[in-house]
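J.:
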Amino acid sequence: MKIIIVEGITDVNLVRYIYTKMSEKNCFDDFEVKGRSNPKIITFENRRDSDLRIINLNGQDKLEKALIEILKPMERKIKSVGILIDADKNFEKSKKFVENAIKNSEISNNKILSFLTPNNEELGNLETLLLSSLDKENISQLKCFKTYKECLLKDIENIEQRAIDKHEVEAYIKFSEKPRNRNQAQFSFIDEKGDTGLWDLSKDEFKPIIAFVKLVFN
Amino acid sequence: MIDSLKINEYKGLNNFKLDKLSQINIISGKNNVGKTMLLEAISISKNLTNLRVFKKNIEFIYLRRELNYQNIYKKLSNIFLNIKSSQSNVIIASKSSNSLNEDEVQLLKTQYFDPTITEFLTMYTDDILKDIIPLTQERELGNVTFKTFFINSSLPNNYYLTQLYKSIQDLEIQSKFLKYLKIIDKNIVGIEPYLTQIVAPDGNNIQSTALRVTLKNPTQSLLSSELGEGTNRFIEILCILLGNANGTVLIDEIENGIHYTKLYDIWKAIIEIVDKENIQLFVTTHDLESIEALNRASEDMIFDKISSITLEKDDENIIYPIIRKYTSFTSTVESGMDIR
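Those protein sequences? They're chains P and V, same order as listed.
Residue 218 is where the first sequence ends in this note's numbering, and the numbering goes up by one at each step.
Residue 558 is where the second sequence ends in this note's numbering, and the numbering goes up by one at each step.
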């Protein structure tokens with residue numbers, strides 16, 4: 001079994017999108033949800049290859065629980081585990097958090113890989129990665145957003161960078177050519193009509209995360 | 219209670235170890251992975267009073283599963299079952315050789331088994347030597363009361379059910395039994411043994427017994443065999459659970475014939491009974507709905523004495539268990555990670 005653990009539904013759908021593109025199946029239904037009780041830990045199982053799973057932690061605080069309670073007992077059955085969480089504001093702290101969870105789970109180190117978004121080097125999160133792949137100077141709504149963002153940061157105190165990033169991703173999705181009446185990042189990769197075309201996986205910014213997904217799933 | 223179990227060379231189970239066992243143990247896994255085989259091994263280990271009982275048990279299992287049991291002792295040569303509980307640590311060995319002297323037995327013990335073993339049983343294919351060779355103490359297994367029942371996956375017959383129901387009558391717990399039976403059909407208002415006549419192949423009438431079930435809406439009286447498979451299975455399960463306090467019960471494919479909407483209430487009843495009657499339960503299933511129903515029932519009844527055992531085969535076709543204690547069991551079921 002090959003498993004990628006992520007912290008939210010947008011990450012799940014990005015991994016599904018990468019897998020879809022990687023396997024050239026162009027079918028977003030490749031993974032189906034198996035768990036039933038939100039907001040707990042939920043598994044997505046590949047329809048064609050039940051050995052491929054994505055686990056949505058619904059919050060990175062449940063990483064250690066998932067490793068100890070769900071994966072450790074079935075370690076013998078597992079070929080590889082990939083942990084994909086945000087680097088956030090402190091890369092070393094996030095890295096240590098993952099390392100501790102792995103250590104406490106007692107799962108063999110050689111079965112586990114980890115990747116901190118956006119690119120396993122810099123600070124940030126999934127939105128940082130998504131925005132970095134966009135040509136902001138040539139996307140009208142993002143040019144407008146730049147002014148709006150300057151205004152927000154000037155007039156309102158203590159705005160989290162992540163909140164601004166999420167807002168910017170939403171603005172990009174909502175006012176793009178193919179908005180399909182959606183503005184949430186989790187629905188922006190592929191929908192019932194197919195590839196939304198909003199994200200270009202051939203961009204260099206996606207290469208590290210694509211390499212990570214391939215490494216775990218191949 | 220069995221806390222752990224080691225099985226060596228019993229059919230496909232080899233160097234197989236189970237620990238972290240609980241009061242309710244749910245055994246899952248794909249077809250032919252060894253679920254029923256594991257129940258058999260537990261049944262053989264637990265049903266010991268002496269070696270002849272052990273051999274009878276093996277014969278019974280082969281007969282019940284319609285397997286060819288001729289020369290079974292040769293087929294079953296070199297069995298090593300090790301069952302460890304809070305009361306004892308017992309090895310059962312079946313050797314294909316005609317005899318072993320004491321030195322050879324000692325050698326076997328040091329080679330294969332740990333020093334805490336209290337009994338060592340040896341069966342020889344020619345059955346000429348003594349049944350039990352106690353090595354470290356004189357206590358015979360017959361002094362330990364183990365009541366073990368194996369409910370197989372097939373439909374029980376009228377006569378067998380009537381025999382089982384006798385224990386409910388003997389204990390005078392018919393009303394308690396009926397309360398639980400109503401879970402599967404609330405229209406059942408009564409159940410009693412019934413003397414019936416059947417026509418033998420030679421044309422003569424012979425007397426037999428059956429269970430007669432009274433239903434309301436509309437009022438009618440039917441033999442249990444005229445009711446569905448699920449009802450008959452549940453009657454069998456209830457009779458055995460309610461009639462065997464402090465025993466061990468093994469149920470193969472619990473969901474057989476039972477509608478999925480009834481599984482939650484059936485598990486609640488089973489949890490209540492095993493808890494009150496101090497029964498250790500081993501149940502096989504490959505039904506996710508049954509596992510999820512057990513999870514929900516246990517949560518609602520705040521009952522955490524549950525372990526799950528998922529049998530898997532590795533790349534070399536060796537059977538191994540994935541054992542989960544309660545917290546891990548619930549987390550895994552709720553996450554949707556496959557536990558079958």
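Virtual Cβ for every residue (Gly too), placed ideally from N, Cα, C.
What is the residue span of the beta strand (DSSP E) that P:Thr117 lies within?
T.: Here the beta strand (DSSP E) through P:Thr117 covers 112-117.
J.: Less than 7 angstroms between C-beta atoms, sequence neighbours within five positions excluded: which residues of the same chain meet that for V:Leu481?
T.: Correct list, in chain order: Glu473, Glu507, Ser508, Ala511.
J.: Cβ of P:Arg76 less than 8 angstroms from any chain B Cβ?
T.: Of the chains in the structure shown, none is chain B; the protein chains are P and V.
J.: By DSSP's criteria, V:Tyr412 is part of a beta bridge. Which residues make up the other side?
T.: Bridge partners of V:Tyr412: V:Ala428.
J.: Are any of the Cβ atoms in chain P nearer than 8 angstroms to that of V:Glu517?
T.: Not an interface residue.
J.: Could you check whether the region 89-105 of chain P touches the region 1-15 of chain P, counting it as contact only if at least three pairs of C-beta atoms, one from each stretch, sit closer than 8 angstroms?
T.: Output reads no: the region 1-15 of chain P does not touch the region 89-105 of chain P.
J.: Looking only at its chain, what residues have a beta carbon closer than 7 angstroms to the beta carbon of V:Leu236, apart from the 5 residues adjacent to it on each side?
T.: Answer for V:Leu236: Ser222, Leu223, Ile527, Pro539, Ile541, listed in chain order.
J.: When Cβ atoms are compared, which residues of the region 463-486 of chain V fall closer than 7 angstroms to chain P?
T.: Answer in chain order: no residues at all.
J.: On the three-state DSSP scale, how would you describe V:Gln355?
T.: Low local confidence applies: a pLDDT of 27 at V:Gln355 is under 50, so the model's placement there is unreliable, with the coordinate-based value given in what follows. Three-state result, V:Gln355: coil.
J.: What's the gap between the Cα of P:Met74 and the Cα of V:Lys486?
T.: Approximately 28 angstroms between the Cα atoms of the pair.
J.: For the structure I just gave you, are there three or more beta carbon pairs, one from the region 412-421 of chain V and one from the region 385-401 of chain V, closer than 8 angstroms?
T.: Output reads no: the region 385-401 of chain V does not touch the region 412-421 of chain V.
J.: Express the C-alpha separation of V:Ser553 and V:Gln381 in angstroms, rounding to a whole number.
T.: Distance between the alpha carbons of V:Gln381 and V:Ser553 is about 43 angstroms.
J.: On the premise that P:Val6 lies in contact with P:Asn56, defined as a C-beta separation below 8 angstroms, what is that separation, rounded to the nearest angstrom?
T.: Right, their Cβ atoms sit about 6 angstroms apart.
J.: Please decide whether V:Met255 counts as near chain P, where near means a Cβ-Cβ distance under 8 angstroms.
T.: By this cut-off, V:Met255 is not an interface position.
J.: With 8 angstroms as the C-beta to C-beta threshold (strictly closer), list the residues of the region 523-538 of chain V near chain P in chain order.
T.: Cβ contacts with chain P come from Thr528, Glu530, Asp532, Tyr538.
J.: Note down the Cα distance separating V:Leu359 from P:Gly59, rounded to an integer number of angstroms.
T.: Summary for V:Leu359: the model assigns pLDDT 34, below 50, so the residue's position carries little reliability, and this model does not support an answer.
J.: Buried or exposed for V:Ser549, going by 16 or more other Cβ atoms inside 10 Å?
T.: Buried.
J.: Along the region 541-558 of chain V, where does the CB come closer than 8 angstroms to a CB of chain P? Name the residues.
T.: Residues Ile541, Arg542, Thr545, Ser546, Ser549, Thr550, Glu552, Ser553, Gly554, Met555, Asp556.
J.: On the CB-based measure, 16 or more other CB atoms within 10 Å of its CB, does V:Asn450 come out buried or exposed?
T.: Burial call: buried.
J.: In this structure, does DSSP put V:Ser549 in helix, strand or coil?
T.: Correct three-state label for V:Ser549: helix.
J.: What is the residue span of the beta strand (DSSP E) that V:Glu517 lies within?
T.: Taken as a continuous stretch (DSSP letters only), V:Glu517 belongs to no beta strand (DSSP E), being part of the alpha helix (DSSP H) at 506-518.
J.: Please find out if some non-hydrogen atom of the ligand ADP comes closer than 7 angstroms to the beta-carbon of V:Val407.
T.: Looking for the ligand ADP in the displayed structure turns up nothing, as the structure carries no ligands at all.
J.: Given a cut-off of 8 angstroms on the beta-carbon distance, is the pair V:Lys543 and V:Ser516 in contact?
T.: The answer is no: Cβ separation not under 8 angstroms.
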